[in-house]
Amino acid sequence: MQLPDYSVYVLSPFQRLMCIITGAVLFFGIGYLFYHQWIIALLLSFGGLLVPRFWRKHMLQRRRTALNLHFKQALFSLSSSLSAGRSVENGFREAIQDLRMLDPDAENDLITELSIISARMEYGEPIEDALHDFSRRACMEDITNFADVFTTCKRTGGDLVEVIRRTSSIIGEKLDIQQEIAVLIAQKKFESKAILAAPILMLVFMNLTSADYMEPMFSGMGMIISTFALLGLAGCMFWIIKIMDIKI
Numbered sequence: 136m137q138l139p140d141y142s143v144y145v146l147s148p149f150q151r152l153m154c155i156i157t158g159a160v161l162f163f164g165i166g167y168l169f170y171h172q173w174i175i176a177l178l179l180s181f182g183g184l185l186v187p188r189f190w191r192k193h194m195l196q197r198r199r200t201a202l203n204l205h206f207k208q209a210l211f212s213l214s215s216s217l218s219a220g221r222s223v224e225n226g227f228r229e230a231i232q233d234l235r236m237l238d239p240d241a242e243n244d245l246i247t248e249l250s251i252i253s254a255r256m257e258y259g260e261p262i263e264d265a266l267h268d269f270s271r272r273a274c275m276e277d278i279t280n281f282a283d284v285f286t287t288c289k290r291t292g293g294d295l296v297e298v299i300r301r302t303s304s305i306i307g308e309k310l311d312i313q314q315e316i317a318v319l320i321a322q323k324k325f326e327s328k329a330i331l332a333a334p335i336l337m338l339v340f341m342n343l344t345s346a347d348y349m350e351p352m353f354s355g356m357g358m359i360i361s362t363f364a365l366l367g368l369a370g371c372m373f374w375i376i377k378i379m380d381i382k383i
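Positions 136 to 383 (the working numbering) are the ones given, in order, by the sequence shown.
Here it is, written out as structure tokens:
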């Protein structure tokens with residue numbers, strides 16, 4: 136059985152096809168809007184082949200964010216179980232039930248991982264090995280640190296309850312900061328999208344209401360100006376994405 140690798144996201148053939156089709160239609164529309172040349176618009180539509188890469192990155196980020204959030208919830212559950220006197224093994228099994236209670240209709244990645252860890256424990260594999268395998272596939276700092284500290288405490292007799300409580304607190308603080316930043320930049324993200332959409336909407340409006348006035352832009356020097364304008368918009372878009380991508 137191939138265990139999931141959370142450092143990559145694999146699109147299904149259908150998802151990849153839909154990304155390409157959607158991107159191709161969008162690029163074709165923009166190309167025709169700027170040049171009014173079917174051949175150029177058709178050439179630009181090949182830009183749809185790049186869309187799956189960006190969508191894959193977006194979905195990977197969403198998956199890792201959800202995994203981190205569910206990991207925090209599982210640690211709170213595990214801490215409560217250990218404080219109540221349950222064993223570590225039973226604490227992990229209890230965490231699965233708690234996560235299912237929080238979201239009864241979903242089988243998220245962490246529930247799958249905790250189920251794998253529980254199954255490995257039933258087959259006699261040390262819980263430390265199962266945790267380290269999970270941290271290796273997750274490639275996330277918080278999970279790796281927890282696995283390392285958990286292993287050390289388990290072997291040396293450290294205070295597991297305090298370690299889990301502190302780890303969940305740290306992850307919670309990081310998530311709170313990320314949410315605060317997301318709220319602060321939400322308006323700026325909307326404004327940036329409006330700024331990027333404004334020139335395109337203006338072109339649509341001008342083409343619909345003053346087609347003769349726009350005619351010089353679709354031949355000779357006008358096409359060169361349109362090309363620089365399109366490149367400028369693309370540059371602004373990537374610049375805005377880079378600025379808004381704040382890591383914690």
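Glycine residues also receive a C-beta, built at the ideal position from the N, C-alpha and C atoms.
Alpha helix (DSSP H) segment containing residue i, residue limits
i	result
CYS104	There is simply no residue 104 to check, as the chain begins at 136 and stops at 383 in what is shown.
GLU242	Here GLU242 belongs to no alpha helix (DSSP H), and DSSP marks it neither H nor E.
MET194	186-218
ASP347	346-349
LEU146	That residue, LEU146, is in no alpha helix (DSSP H); it is neither H nor E in DSSP.
Assigned secondary structure, residue i (DSSP; H/G/I helix, E/B strand, else coil)
i	result
VAL296	helix
PRO139	coil
GLY355	coil
SER270	helix
GLY158	helix
GLY367	helix
TYR258	coil
GLN232	helix
ARG221	coil
ASP380	coil
GLN313	helix
GLN172	coil
Cβ of residue i within 8 Å of any chain D Cβ
i	result
LEU249	The question asks about chain D, but that chain is absent: this structure has only one protein chain.
Beta-carbon gap between residue i and residue j smaller than 8 Å
i	j	result
ALA201	ASN243	yes
LEU310	LEU168	no
LEU217	ALA230	no
VAL143	LEU210	no
GLU224	MET275	no
PHE269	ILE278	yes
MET341	MET349	yes
Whole-angstrom C-beta distance between residue j and residue i, which should lie under 8 Å
i	j	result
ALA265	TYR141	Their Cβ separation, rounded to whole angstroms, is 15 Å, which puts ALA265 and TYR141 out of contact at 8 Å.
SER253	ARG271	Contact doesn't hold; Cβ gap of about 18 Å is too wide.
GLY182	GLY164	With 8 Å as the limit, GLY182 and GLY164 do not qualify as a contact, their Cβ atoms being about 11 Å apart.
HIS171	PHE353	4 Å
GLY166	LEU152	With 8 Å as the limit, GLY166 and LEU152 do not qualify as a contact, their Cβ atoms being about 21 Å apart.
ILE320	MET379	6 Å
LEU146	ARG191	6 Å
LEU234	ILE246	5 Å
Would the region 358-375 count as touching the region 185-193 if we require 3 or more Cβ pairs under 8 Å? no
Using 8 Å as the Cβ pair cut-off and three pairs as the minimum, do the region 372-379 and the region 320-328 touch? yes
Does the region 340-351 come within contact of the region 295-302, defined as at least 3 CB pairs closer than 8 Å? No contact exists between the region 340-351 and the region 295-302.
Determine, using beta-carbon pairs with one atom in the region 256-269 and one in the region 284-298, whether at least three such pairs fall under 8 Å. yes
Would you check if the region 200-213 and the region 229-248 touch, i.e. whether three or more CB-CB distances between them fall below 8 Å? yes
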